[in-house]
Structure formats: structure tokens, C-alpha cells
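Participant: Provided herewith is a single structure, encoded as C-alpha cells, for subsequent inquiry.
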Amino acid sequence: MPADFVPLLLMLGLALGLALTLLLGQRLLGPRRPNWIKESAYESGMDPMGTARQRFSVKFYLVAMIFIVFDVEIVFLYPWAVSFQEFLLAGVGQGALVVVAIFIVILAVGLIYDIKKGGLEFE
């Protein structure tokens with residue numbers, strides 16, 4: 001059984017070795033001309049304003065939560081919808097439908113919580 005992993009470990013070793021060799025080669029052979037423009041923070045072409053420790057509004061996290069709810073829902077529901085016909089033919093269509101219904105209810109609870117907290121109220 002451990003002999004089955006030899007090609008995988010060899011490939012990982014080669015990839016790691018190549019990455020380290022390229023990084024070291026760049027460090028040794030590449031030009032190094034630092035100046036204040038290159039070392040300053042890039043903020044979309046604008047001069048940085050304020051501190052990096054600035055607090056974000058709770059609204060930011062509520063919108064992110066909505067995105068995650070819908071993203072997770074699509075990632076799991078699309079493959080299920082594509083293979084639902086096969087579930088019906090295999091005789092497990094009812095069970096698959098119940099499991100997806102429970103999944104949607106759990107995601108709906110998260111969405112309702114977000115709506116109650118004002119996640120969809122834009123100014």
C-alpha cells in the first residue's frame with residue numbers, strides 16, 4: 001500500500017523543489033532596486049488614507065453572509081438538480097428531495113436571520 005504513494009510523493013517533491021529553485025534563482029539573479037514607490041501600499045492607484053486597522057461596518061459582514069448563503073446553495077443544488085433524474089430512476093428520488101428540502105430550510109433560516117438584521121436594507 002505505501003508503494004502506491006511513491007509517484008505522488010515524487011511529484012510533490014519535484015514540484016516543491018522546482019518552486020524553491022525558482023524563488024531562490026529570482027532572489028539571486030534578479031535585479032533589486034527598491035524605492036519608496038515600489039515599497040508603498042497599493043490602494044487602486046490612490047494614496048493610502050487612514051490606518052490599516054480600520055473597522056468595517058456590520059453591514060459589510062451581513063452582505064458577505066448573504067453571498068455565502070446563495071453561493072453555498074448554488075454549489076450544492078446545481079449538481080443535485082442535474083442528477084435528480086438519475087435519483088428518480090434509481091428509486092431514491094423521494095429521499096433526495098427530502099434531504100434537499102431540509103438543506104434549503106437551513107439556508108432559508110440563515111437568510112431570514114440576515115434579513116431581520118437588516119442585511120438587505122441599502123442606504
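Quick note, the sequence shown lines up with residues 1 to 123 if you use the numbering used here. Glycine included, every Cβ here is placed at the ideal spot set by N, Cα and C. These figures come from a predicted structure and were not determined experimentally.
Can you round the beta-carbon distance between ILE66 and GLY118 to whole angstroms, since I take them to be within the 8 Å contact cut?
Facilitator: Within the sequence shown, the letter at position 66 stands for residue 66. Within the sequence shown, the letter at position 118 stands for residue 118. ILE66 to GLY118, Cβ: 11 Å. No contact.
Participant: In angstroms, rounded to a whole number, what distance separates the CA positions of PHE60 and GLY50?
Facilitator: Stepping through the sequence shown from its first residue, residue 60 is reached at position 60. Stepping through the sequence shown from its first residue, residue 50 is reached at position 50. Each residue's Cα considered, the two are about 18 Å apart.
Participant: What do you get for ASP188, buried or exposed, if any count of 16 or more other CB atoms within 10 angstroms of its CB means buried?
Facilitator: With the chain running from 1 to 123 in the structure shown, residue 188 is simply not present.
Participant: May I ask you to check if the CB of PRO7 is nearer than 7 Å to at least one heavy atom of the ligand NAD?
Facilitator: In the structure shown, the ligand NAD is absent, as is every other ligand, since no ligand is present at all.
Participant: Less than 8 Å between the beta carbons of GLY110 and VAL75, yes or no?
Facilitator: Translated into the one-based positions of the sequence shown, residue 110 becomes position 110. Translated into the one-based positions of the sequence shown, residue 75 becomes position 75. Against a cut-off of 8 Å, the Cβ pair of VAL75 and GLY110 comes out as no contact.
Participant: Looking only at C-alpha atoms, which of LEU107, VAL92, ARG33, VAL63 sits nearest to LEU77?
Facilitator: Taking the sequence shown and counting its residues from 1, the one referred to as residue 77 is at position 77. Among LEU107, VAL92, ARG33, VAL63, the Cα nearest to that of LEU77 is on LEU107.
Participant: Quick one: give me the first and last residue of the alpha helix (DSSP H) that ALA108 is part of.
Facilitator: Taking the sequence shown and counting its residues from 1, the one referred to as residue 108 is at position 108. Unbroken alpha helix (DSSP H) run through ALA108: 93 to 116.
Participant: I want to see whether chain B comes within less than 8 Å of LEU22, judged by CB atoms only; does it?
Facilitator: Reference to chain B is not applicable here, since this structure consists of a single protein chain.
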